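> One structure is given below, represented as structure tokens, and several questions about it will come after.
Protein chains in written order, with the working numbering: chain A, 173 to 287; chain B, 173 to 287.
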């Protein structure tokens, strides 16, 4: 679905990634295909409904694929798409930046408070 | 303020960047110091109160510095810290990824819908 209000790719990407779950789900899916029940086990504080909504959002953005298996017992798999795999190192870089700059960011805050 | 619940740097970074304004403010501040009134002009849809809250959040994270000038007329400047300037290319990379993968992400969604 095209968003007629915004055409800024950064804004669109951040909207898709906003909130707690998208990056956590990327993290848990980076090593390969997982079942819905695996993802619930990885994220014990997420509700069934919330996990389902978040996965659907990632699916709609083309980051995650959902595959239904009709065999018994019937189950559903989730995996990153090629685009989703390309996103993982970019998100890792944000985490690395957050850690690497922790000292200087704290310093900037204290300097600001003293001013 | 330390968050005792989470110690994942990616989650912390994404929490700080979530929402529409943090990345837009990074974008508008990347070329140098701006006054509050400049930032309001750059973002005409943001309210005074919201812009003030968002800038305070970035200030508390050590991404932005706020400088009060006591001269007449009194005004307040905002600028990126060193850590904030390091963040700009990482956010740009997310926007580039979003644009570069648009076709394949759309394709993955259509393939999923057809399955």
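Yeah, the Cβ is synthetic: ideal placement off N, Cα and C, and Gly gets one too.
Computed from a prediction, not measured in an experiment: that's the story for all the values here.
In chain order, what residues of the same chain lie with their CB nearer than 6 Å to the CB of residue 286(B), ignoring the 5 residues before and after it?
Answer for residue 286(B): no residue qualifies.
> Tell me the rounded alpha-carbon separation between residue 198(B) and residue 218(B).
The straight-line gap from Cα to Cα measures roughly 15 Å.
> Below 7 Å between beta carbons: does that hold for residue 233(B) and residue 188(B)?
Closer than 7 Å, so yes.
> Who are the Cβ neighbours of residue 212(A) in its own chain at under 8 Å, not counting the five residues just before and after it?
Within the same chain, residue 212(A) has close Cβ partners 218, 220, 223.
> In chain A, which residues lie less than 7 Å from residue 233(B) when you measure between Cβ atoms?
Near residue 233(B) (Cβ distances below 7 Å), the residues of chain A are 277.
> Strictly by DSSP, which residues pair up with residue 250(B)?
Its beta-bridge partners are 206(B), 238(B).
> Which residues in the same chain as residue 173(A) place their Cβ atom closer than 7 Å to its Cβ, once the five residues preceding and following it in sequence are excluded?
In this predicted model, residue 173(A) has a pLDDT of only 43, less than 50, meaning its place in the structure is not dependable; the value taken from the coordinates is given anyway. Hits under 7 Å: none found.
> Taking all protein chains shown into account, decide if residue 183(B) is buried (16 or more other Cβ within 10 angstroms of its Cβ) or exposed.
Buried, since its Cβ has 16 or more Cβ neighbours within 10 Å.
> When you compare the CB of residue 173(A) with every CB in chain B, is at least one pair closer than 7 Å?
Because the pLDDT at residue 173(A) is just 43, under 50, the model does not fix this residue reliably, and the value given afterwards should be weighed accordingly. Cβ-Cβ to chain B under 7 Å: no for residue 173(A).
> For residue 186(A) and residue 200(B), I'd like the C-alpha separation in whole angstroms.
In a straight line, the C-alpha of residue 186(A) is about 16 Å away from that of residue 200(B).
> In chain B, what lies closer than 8 Å to residue 185(A) by C-beta?
Per Cβ cutoff of 8 Å: 266, 267, 269, 270.
> Classify residue 204(A): buried if its beta carbon has 16 or more other beta carbons within 10 angstroms, exposed otherwise.
Exposed.
> Please determine, among 244(B), 277(B), 194(B), the residue with the shortest C-alpha to C-alpha distance to residue 256(B).
Taking only the C-alpha atoms, the option nearest residue 256(B) is 194(B).
> Which class does residue 174(B) belong to by DSSP, given the choice of helix, strand or coil?
Confidence in residue 174(B) is poor, its pLDDT being 45 and thus under 50, which makes the residue's placement unreliable; the coordinate value appears in the next sentence. Three-state result, residue 174(B): coil.
> Can you have a look at residue 206(A) and say buried or exposed, based on whether 16 or more other CB atoms are within 10 angstroms of its CB?
Buried, because 16 or more other Cβ atoms sit within 10 Å of the Cβ of residue 206(A).
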